[in-house]
Amino acid sequence: MHDKKVLERLIVLRQLEEQKKLEEQQLQELNQLMEKNSQLAKMSMLELQEALAKEKELPKADVSSKNLDPIVEDYKKQFSKEDWYREPKVENGRVTLAFPTKEAMTDFFHKQAELNRPFVVVDHATNKVMAFSKGDGNLYHGDGRPYVKGDELTPSGLDIEEYRKQQKSPSNLSPMSETVQDPGKGIDDAKLPSIPKEHAEHDDREILDDEKQSDMQLGT
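Quick note on numbering: the sequence shown equals residues 1 to 220 in the numbering used here.
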């Protein structure tokens, strides 16, 4: 997989070169790009255009998580040998991952969710949430519907910031937060400490002895 912006710029500069309209500054830029991208430097104009077309077709998703490392490692193990693969870069808890097909993308995130890994999947093109995992072993669509095998992941109406605000709303608070909001809920579920059986029998005998002594005193 190649950087789309690099491909687009290389094509423009190569076209100017062919037309002999390349200025000195543009020539320097072209040389720098070709030095940094030796594989692209060997391609013809047609091959560059084909590579760009493939790049545009690849489904991409931005993944956000507090712990991206295991997700990225699994991604590398599964796809690093593919010819379209490019090393993903993690920046500010977010990474862009490309996939050969939408089905491969969906299957990958479904398996990650089954491993109890919390994350949010955002469509690279629209910046809308496609799916998320709460770390409970399940995958959810961007609108909150549980994912069912065979479903297609599509952008929802929420961008990442709207999604985060929604998750902080009272209806999405944790069970502990619900207990704080409704103290009675915690009390109903609480159990009083039980008294050991032998102690209970001992207490009953003491009560009976006290009653007998009272009856004897009354009889006298």
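Heads up, the beta-carbon is just placed ideally off N, CA and C, and yes, glycines get one too.
Problem - Between the CA atoms of Gln49 and Pro155 - distance to the nearest angstrom - result: 28 Å
Problem - Given Val6 as reference, the closest of Asp62, Arg145 and Ala41 once Cα atoms are compared - result: Ala41
Exercise for the section: With DSSP collapsed to three states, give me the class of Pro70. Expected result: helix
Problem - As assigned by DSSP and simplified to three states, the class of Ala125 - result: coil
Exercise for the section: Can you give me the start and stop residues for the alpha helix (DSSP H) that Arg9 sits inside? Expected result: Lys4 to Glu18
Exercise for the section: Mind checking who Tyr140 pairs with in its DSSP beta bridge? Expected result: Phe132 and Pro146
Exercise for the section: Output the boundary residues of the alpha helix (DSSP H) element that contains Thr106. Expected result: Lys102 to Glu114
Practice task
On the DSSP bridge assignment, give the partners of Arg237 in chain order.
Solution key: With the chain represented from 1 up to 220, any question about residue 237 goes unanswered, as that position is not in the structure.
Exercise for the section: Look up Lys81 in the DSSP assignment and say whether it is helix, strand or coil. Expected result: coil
Problem - Burial state of Leu97 (16 or more Cβ within 10 Å) - result: buried
Practice task
Measure the CB-CB distance between Arg9 and Pro70 and report whether it falls below 8 Å.
Solution key: no
Problem - the region 71–80 / the region 98–116 touching (three or more Cβ pairs under 8 Å) - result: yes
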